[in-house]
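Take a look at the structure below.
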Amino acid sequence: MMAVTRASLFFFLFIPLFSFGQEELRETNELEQGGLYWIRYYLEWELSDKLQLDVEAENRRFFSPSRQYQFITRGTLYYLQSEAWNFGIGMAYSQMHSLWTPLVEPEIRPHQETNYTHEAGRWNFNHRLRIEQRFRGDTTRTFVSPEEVEEELESTYSFNMRYRYEFTTDFDIIDKGRKKGHLHAQGFAAIMVRTDEDDIFDTFRYYGGLRYYLTDNLRLELGYLRHLEKEHTYDFQYSYSTLRFTVRHKL
561 MMAVTRASLF FFLFIPLFSF GQEELRETNE LEQGGLYWIR YYLEWELSDK LQLDVEAENR
621 RFFSPSRQYQ FITRGTLYYL QSEAWNFGIG MAYSQMHSLW TPLVEPEIRP HQETNYTHEA
681 GRWNFNHRLR IEQRFRGDTT RTFVSPEEVE EELESTYSFN MRYRYEFTTD FDIIDKGRKK
741 GHLHAQGFAA IMVRTDEDDI FDTFRYYGGL RYYLTDNLRL ELGYLRHLEK EHTYDFQYSY
801 STLRFTVRHK L
């Protein structure tokens, strides 16, 4: 009973964050809406009882017209303090493709994070706080006309901090102890904010999907992700619906 009460409390604490993202969805004047698919490989490598290295690579593309949106890789080294708590430090590298020209914007993104996990019956909950230091390649963009855009990548980088909170939950549908044949539903909502702008909103995402254990060490995930993002430099907003497929491999 105590575990259920604690889980309910976390839900109520999360509602204001979820509502904030929904308000941004209602208020935004969207520049673009579209459909994407993200394909990801995620490696979990247990180095010891206390250390784990996670490495992921994800390719993100538009359905129609078929074109590249982003490619991102990330590595995180985790210190597993206990079953409930772990702490991570890592780095990501991103290539963001322009919507208007062939320009590709690079980004180098160190990060630090804390995770707290707990269970309530067949439910599992995780809270992640990640702090990112973003070094993004500077670009200049000129709208010559509504149909013509000119962009150029500069030799300099801009820096800003971003703070990410993500709440994740999953529910066992076929309980095989997270071994071969195990199936569970999962979902998350994430809010990302920055402190160098009057409008702190950066990105909001929510996701729902399924994870199936093909073997004890190989899992497949498929789900739907809703993605809202604000580009502060040029004051644009983007709203995307995404199909996400993940191959998760544990060593």
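All residue numbers for the sequence shown refer to the numbering used here, where the first residue is 561 and numbers rise by one. C-beta atoms are modelled at their ideal positions from N, C-alpha and C, and glycine is treated no differently.
Pick from 706, 659, 655 and 661 that is closest to residue 668, judged by C-alpha positions
Minimum Cα distance to residue 668 is reached at 655.
How far does the beta strand (DSSP E) with residue 628 in it extend, from its first residue to its last?
627 to 640
Report back the beta-carbon spacing between residue 744 and residue 771 to the nearest angstrom; my notes put them in contact at under 8 Å.
6 Å
Could you give the distance in angstroms between the alpha-carbon of residue 611 and the alpha-carbon of residue 597?
32 Å
For residue 721, which option in 708, 672 and 788 has the closest C-alpha, if you only look at C-alpha atoms?
672
Here's the rule: buried if 16 or more other CB atoms are within 10 angstroms of the residue's CB, otherwise exposed. What is residue 751?
buried
Any idea which residues DSSP pairs residue 664 with across the strands?
657
Excluding the five sequence neighbours on either side, which residues of its own chain have a C-beta within less than 6 Å of the C-beta of residue 775, listed in chain order?
In the same chain as residue 775, and ignoring 5 residues on each side of it, the C-beta atoms closer than 6 Å to its own belong to 740, in chain order.
Using 8 Å as the cut-off, can you tell me whether the region 709 to 716 makes contact with the region 726 to 742, which would need three or more C-beta pairs spanning the two stretches below that distance?
Short answer: they don't touch.
Given that a residue counts as buried once 16 or more other Cβ atoms are within 10 Å of its Cβ, and exposed if not, what is residue 639?
By the neighbour-count rule (16 or more Cβ atoms within 10 Å), residue 639 is not buried but exposed.
Best match in 682, 680, 666 and 686 for proximity to residue 674 [C-alpha to C-alpha]:
686
Cβ distance (whole Å) where residue 806 is taken to contact residue 600 below 8 Å
Rounded, the Cβ-Cβ distance is 4 Å, consistent with contact.
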